[in-house]
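The numbering of the sequence shown is the working numbering, which starts it at 1 and goes up by one.
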Amino acid sequence: MALVERRLWDGTVIIIHIADAMVTHGFRKVGYTYLNLDYCWSNSKRSQSKKLIPDRKAFPHGIKDAKTFADWGVDYLKYDNCNNTGVSAAMRDALKATKRPIYHSICNWGESEPHFWRTTTDIWSVWKGILYVLDQQRNITKFVGPGGWNDPDMLEIGNGKLTFDEQKSHFSLWAALKAPLLLGFDLRNPPKDTLAVALNKKIIAVN
């Protein structure tokens with residue numbers, strides 16, 4: 001199942017435009033399912049009842065009137081908590097307790113039985129960086145299967161200075177690895193060559 005990620009800092013209007021672009025440019029039609037908010041969406045402080053709340057400057061109208069991820073209707077949670085000491089296991093158990101099916105992605109290298117786990121340091125948008133991350137996957141592909149997948153980080157097509165051939169190779173390799181296909185370029189104004197890569201039905205089918 002393909003996923004779409006976009007780092008957002010300026011609120012609801014951008015999210016709506018990105019969602020519209022997912023439909024307009026055909027991303028939904030070929031299987032991209034989610035629009036993920038990365039960091040900077042939440043307030044640094046919690047509510048009086050210790051619940052997460054959105055940043056009111058970035059989201060003046062809020063993000064629904066909700067108390068928990070399950071109440072919000074969240075389908076996918078990336079719990080970016082490297083080098084933690086058991087906190088991801090607590091989140092895993094808490095998500096299960098909601099009885100809502102939520103994809104659980106973490107950044108502590110496969111501990112705590114998540115659905116996706118980051119396998120390397122952050123990727124960067126040059127071919128050398130793509131190859132470095134790819135090389136780290138060669139001895140761990142045997143650990144993937146239904147319910148649990150290696151996550152070599154988001155795709156860098158459409159970012160940086162990758163050539164068209166490098167973008168095709170990058171996308172195809174991540175698809176073959178059964179990695180989550182997380183797009184990070186501006187879907188509102190997608191480069192034509194990148195759009196051709198991201199919407200390739202045959203490669204998506206491999207994933």
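For each residue, glycine too, the CB sits at the ideal point set by N, CA and C.
Exclusion of the five residues before and after Ala176 leaves Val206 as the residues of its chain whose Cβ lies within less than 7 Å of its Cβ. Here Arg46 is exposed. Its C-beta has fewer than 16 other C-beta atoms within 10 Å. Contact annotation: Thr12 and Phe59 have beta-carbon atoms nearer than 8 Å.
When DSSP assignments are scanned along the stretch 21-80, the uninterrupted stretches of alpha helix (DSSP H) that are 4 or more residues long and fall wholly within it turn out to be 27-30 and 69-72. For the 8 Å CB-CB criterion, Leu95 and Leu77 form a contact. Annotated three-state conformation of Asp151 is strand, per DSSP. Secondary structure within the stretch 93-141: the beta strand (DSSP E) runs of 3 or more consecutive residues, fully enclosed, are 103-106 and 116-118 (chain order). Taking 8 Å as the cut-off, the beta carbon of Ile203 is found no closer than this to the beta carbon of Phe164. The continuous stretches of alpha helix (DSSP H) do not include Ala179, and DSSP gives it neither H nor E.
Inclusion of Ala198 and Leu183 in the CB contact set at 8 Å is warranted, their separation being smaller than that value.
Assigned with DSSP and collapsed to three states, Leu183 falls in strand. Beta-bridge partners assigned by DSSP to Gly145: Gly148. Contact check for Asn150 and Thr119: beta-carbon distance about 5 Å, within the 8 Å limit, so the pair qualifies.
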